[in-house]
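A quick write-up on the structure given underneath.
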Amino acid sequence: MIPRTLFSSDHELFRDSVRKFLEQEAVPHHHQWEKDGHIDRALWNKAGEAGMLCSHIPEEYGGMAADFLYSTVVIEEIGRLGLTGIGFSLHSDIVAPYILHYGSEALKQRYLPKLVSGEMVTAIAMTEPGAGSDLQGVKTTAVLDGDEYVINGSKTFITNGWLADLVIVVAKTDPKAGAKGTSLFLVEASTPGFSKGKRLEKVGMKAQDTSELFFQDVRVPKENLLGQPGMGFAYLMQELPQERLTVGIGALASAEAALKWTLDYTRERKAFGKAVADFQNTRFKLAEMATEIQVGRVFIDRCLELHLQGKLDVPTAAMLKYWTTDLQCKVLDECVQLHGGYGFMWEYPIARAWADARVQRIYAGTNEIMKEIISRSLV
């Protein structure tokens with residue numbers, strides 16, 4: 011296998027600590043969290059104490075000013091252990107950057123230290139019942155009334171939504187202006203008029219608290235606007251490459267874990283008097299998966315290099331997101347098949363990973379939208 015050269019000894023020491031933390035604090039409880047529909051809220055505080063949240067945030071706001079590879083380590087270790095209920099990356103690598111890049115100094119001082127410590131859990135409310143990948147179709151409105159914006163609308167499929175203390179809400183400040191009428195607001199969960207619907211029962215990712223959010227005459231100070239009014243769509247587009255990179259990192263880590271589980275299983279499982287791994291079909295399937303995963307690993311590491319240099323563009327991130335999530339689903343399906351009937355049993359990690367993976371091709375922009383983005387860059 012091609013060695014990875016991006017990560018320093020410091021990164022690998024951090025990886026060891028993250029893995030030990032997850033094995034101790036999350037692995038023994040994840041099955042129960044799947045039944046509960048959310049992870050233990052205390053895990054967020056423990057992760058904050060362990061330096062696993064928002065490591066990239068500057069020191070003046072409580073962070074470590076670390077590079078994105080530290081976030082990568084957290085995403086990879088969560089993926090390899092199949093801990094899909096843990097929404098740390100959305101909190102650290104999607105929500106926090108919006109506050110850091112577009113929030114006022116007062117907002118940064120008020121919220122970022124609480125994100126780093128885990129005192130506050132965050133979510134971003136983009137998707138609506140009638141608007142998924144088409145963010146220009148958002149119907150939620152925010153109307154300026156004196157010194158406050160009044161927000162009305164609803165959101166769905168919101169990751170971290172049930173536990174969230176702070177939410178970035180995508181809303182229209184000028185419904186007639188299309189994309190240019192979109193703005194982003196910080197809304198605390200305790201704000202009057204803001205309510206959470208039921209935790210949504212999903213096919214997979216059962217331990218991840220995904221919920222509906224409702225806004226009825228929710229009043230927030232105009233200072234809670236992130237950046238400038240009408241610039242929300244542009245901000246979303248600027249931050250999406252990192253979001254799609256995080257999805258790709260997790261997808262490949264999941265595929266690598268599935269291959270390892272399947273190697274172990276096929277070596278131990280007997281059929282017709284010999285190990286399943288000794289059949290030519292099994293060996294060839296394993297060889298194909300190992301090769302494609304290696305190709306994906308090289309692509310991801312190259313995209314990480316570009317991202318560290320500030321050069322990861324939208325089409326390349328779209329390529330990464332669609333290809334790695336397609337690969338993840340392909341690998342997991344093959345691995346379930348090689349497990350036979352046991353691959354369909356929930357007690358086996360491969361079954362849960364298979365169910366968890368399917369949504370990866372849908373969120374952060376469907377893979378069909380990714381292909382549209384790529385194709386527009388070619389013509």
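First residue of the sequence shown: 11, per the numbering used here; consecutive thereafter. Using N, Cα and C, we set each Cβ at its ideal position, and we do this for glycine too. Note that the coordinates shown come from a computational prediction; the quantities given were computed from them, not determined experimentally.
Same chain only: Cβ atoms within 7 angstroms of residue i, ignoring 5 sequence neighbours per side
i, result
"D366", "T94, G214, M215"
"A328", "R254, M380, I383, I384"
"M299", "L269, V341, E344"
"V28", "M62, V83, V84, E87"
"Q226", "N162, G203"
"F24", "Y80, V83"
Status (buried if at least 16 other CB within 10 Å, exposed otherwise) for residue i
i, result
"Q42", "exposed"
"E44", "buried"
"S18", "exposed"
"S81", "buried"
"D219", "buried"
"T15", "exposed"
"V286", "buried"
"K208", "exposed"
"K30", "exposed"
"G147", "exposed"
"E22", "exposed"
"S65", "buried"
"H40", "buried"
"R362", "buried"
"P231", "exposed"
"E266", "buried"
"G283", "exposed"
"E355", "Sequence inspection shows Met at residue 355; the Glu mentioned does not correspond to that position. Classification for M355: exposed."
Contact under 7 angstroms by Cβ, residue i with residue j
i, j, result
"P139", "T169", "no"
"Y71", "L122", "yes"
"A261", "Q338", "yes"
"L210", "H48", "no"
"G113", "L236", "yes"
"S221", "G171", "yes"
"I67", "G73", "yes"
"T201", "V160", "no"
6 angstroms Cβ shell around residue i - same chain, five flanking residues per side excluded
i, result
"F243", "A189, T192"
"N234", "F195, L196"
"D175", "M130, V131, A199"
"P239", "T183, S193"
Distance between beta carbons of residue j and residue i, contact taken as under 8 angstroms
i, j, result
"I85", "Q304", "With 8 angstroms as the limit, I85 and Q304 do not qualify as a contact, their Cβ atoms being about 19 angstroms apart."
"L125", "V177", "Not confirmed; about 12 angstroms, so no contact."
"G258", "K331", "5 angstroms"
"I360", "G353", "5 angstroms"
"K182", "T151", "5 angstroms"
"H317", "Q252", "7 angstroms"
"W333", "V346", "Rounded, the Cβ-Cβ distance is 21 angstroms, inconsistent with contact."
"V324", "L250", "7 angstroms"
Close beta carbons around residue i, own chain, < 8 angstroms, minus the five adjacent residues each side
i, result
"E115", "none"
Three CB pairs or more closer than 8 angstroms across the segment 75-90 and the segment 264-282 | yes
Are the segment 284-297 and the segment 369-378 touching, with three or more C-beta to C-beta distances below 8 angstroms?
-> no
Given 8 angstroms as the limit, is there contact between the segment 273-292 and the segment 95-105, that is, 3 or more CB pairs closer than that?
-> no
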